[in-house]
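Asks: With positions in the sequence shown counted from 1, the corresponding number in my numbering is that position plus 306.
Ideal placement from N, C-alpha and C gives every residue a C-beta, glycine not left out.
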Amino acid sequence: MTLTASIDEIASSLDGLDPPWLPRYDLRAYAAKVDNECGYTSDMMVGMEIHTKMFEEVVAFVQLCGAFAQLHPSDARQYACMRDDRAGIDDALARNASHACPTYTGLLALLIERGILVPRAQNPASPR
């Protein structure tokens, strides 16, 4: 299974909750970029860095889907859509795509910066 296939599988398991405008970024290219730029000499450390960055990408993808989906409020959603501003979203998509290697974490940061998404207040964990 490839990294792109993983995102496609996640999107299909969300059963249509992913926004139709959300692109499928090439996570293989991003993994190669992380590999080239991480600066570690140990293969194990390089592998850990790549796995960490891929995990962050999957989390950002899922959080983007959750922020724009019409769902019952859930503590699992970390972001809320304040305005479904198509022009603002398109601008963020274009700006993110202008990078050599666009990422979901980058898109999430742009949407937060533009005020389209805001972090949700999280309920404190209940004592056990």
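Take residue 344 and list the residues in its own chain whose beta-carbon comes closer than 8 Å to its own, dropping the five residues that flank it on each side.
Replies: Excluding sequence neighbours, residue 344 sits near 351, 352, 355 and 356.
Asks: Give the DSSP-derived three-state secondary structure of residue 336 in the structure shown.
Replies: Three-state result, residue 336: helix.
Asks: Tell me whether the beta-carbon of residue 426 lies closer than 8 Å to the beta-carbon of residue 398.
Replies: Going by C-beta atoms, residue 426 is not nearer than 8 Å to residue 398.
Asks: When the distance is taken between beta carbons, is residue 326 closer than 8 Å to residue 371?
Replies: Result no, Cβ atoms of residue 371 and residue 326 do not sit closer than 8 Å.
Asks: What are the uninterrupted segments assigned as alpha helix (DSSP H) that are 4 or more residues long and contained completely in the stretch 380-428, given in chain order?
Replies: Here the runs fully enclosed are 392-403 and 410-419.
Asks: Of all the options 391, 422, 424 and 360, which has the alpha carbon lying nearest to the alpha carbon of residue 410?
Replies: The candidate whose alpha carbon is nearest that of residue 410 is 360.
Asks: Between the Cα of residue 312 and the Cα atoms of 424, 396 and 334, which residue gives the shortest distance?
Replies: Of the candidates 424, 396 and 334, the one whose C-alpha sits nearest the C-alpha of residue 312 is 334.
Asks: Check for me: the alpha helix (DSSP H) holding residue 349 runs from which residue to which?
Replies: Run containing residue 349: 349-374, per the alpha helix (DSSP H) assignment.
Asks: Can you list, in chain order, the residues of its chain with a C-beta nearer than 7 Å to that of residue 331? Leave out the 5 residues immediately preceding and following it.
Replies: Result list for residue 331: 408, 409 and 410, in chain order.
Asks: Taking the straight line between their C-alpha atoms, what separation do you get for residue 395 and residue 321?
Replies: Looking at the two C-alpha atoms, the distance is approximately 22 Å.
Asks: Using only alpha-carbon positions, find the residue among 417, 392, 412 and 368 that is nearest to residue 273.
Replies: It is not possible to answer for residue 273, since the shown part of the chain is limited to 307 through 434.
Asks: Report the three-state DSSP secondary structure of residue 314 (helix, strand or coil).
Replies: If DSSP states are grouped into helix, strand and coil, residue 314 belongs with the helices.
Asks: State yes or no: is the C-beta of residue 373 within less than 8 Å of the C-beta of residue 387?
Replies: Their beta carbons are under 8 Å apart, which means residue 373 touches residue 387 by this criterion.
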